[in-house]
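FYI, in numbering that gives the first Met the number 0 the residues of the sequence shown are 0 to 162.
Just so it is clear, CB atoms sit at the ideal spot from N, CA and C, and this is done for glycine as well.
A short write-up of the structure that comes next.
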Amino acid sequence: MSGAHGADGTDAFYDRVRAASTDAPTDYRTQRRERGFDLVADVPHTGRHTTQVHTYRVDLDPRERTFVMTDIVRTETTGPGPLSGSSVETGRSRYWVTSNALDGSGRQSFSSTAGHRLIRGVAAELGWRELKPTGQKVAKVFGIIGGAIAVGTLIALAVVFWP
């Protein structure tokens, strides 16, 4: 697969992220994909029956030298009762988790923004530019429309009820 990526700069991007992730305080795994790569981390959790995996999915467009980063957070809860099950969240996730290791080996922590910084740092060094995921763009548009409607409603109420 790397032969298809070599000349367009995607190999350099992937290799630099993989090298930077080995020096990071979080244990990351990298996995190559057809249009980019995934940077994956196991998130320490305080729950005995909960596991969480954070995946930074990076889609590369070598012609434009742009990338789109999407967070995928998979949570699996096992055990008795109605709380067991799994969920998957996609989009942009920003959170920080600190917990004591269940095996008594000390405190563990995870920051989702550390992976974002790692990928963006490599991208900046190599001259790549980040594009926002489509879902984030749509949410911003709906937020602006909702804000405009709210302001319009307040103005209308002020006009109607002004003494």
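Item, Value
"Is it true that the CB of T29 sits closer than 8 Å to the CB of V16?", "yes"
"Using alpha carbons as the reference points, say which of V57, G8, K131 and P162 lies closest to R32.", "V57"
"Once DSSP output is grouped into helix, strand and coil, what is the label at T54?", "strand"
"Alpha carbon to alpha carbon, how far is G84 from Y55? Give it in angstroms, no decimals.", "22 Å"
"For T25, does the three-state DSSP call read helix, strand or coil?", "coil"
"May I ask you to report which of helix, strand or coil DSSP gives T69?", "strand"
"Among residues of its own chain, excluding the 5 on either side of V72, which ones have a beta-carbon nearer than 6 Å to its beta-carbon?", "H53, E88 and S92"
"Leaving out five residues on either side along the sequence, give the residues of the same chain with a beta carbon under 6 Å from the beta carbon of F8.", "Before going further, note that residue 8 is Gly rather than Phe in the sequence given. Only P61 meet the Cβ criterion."
"Give the secondary structure of E63 by DSSP, where H, G and I count as helix, E and B as strand, and everything else as coil.", "coil"
"Are the beta-carbon atoms belonging to F109 and T50 less than 8 Å from one another?", "no"
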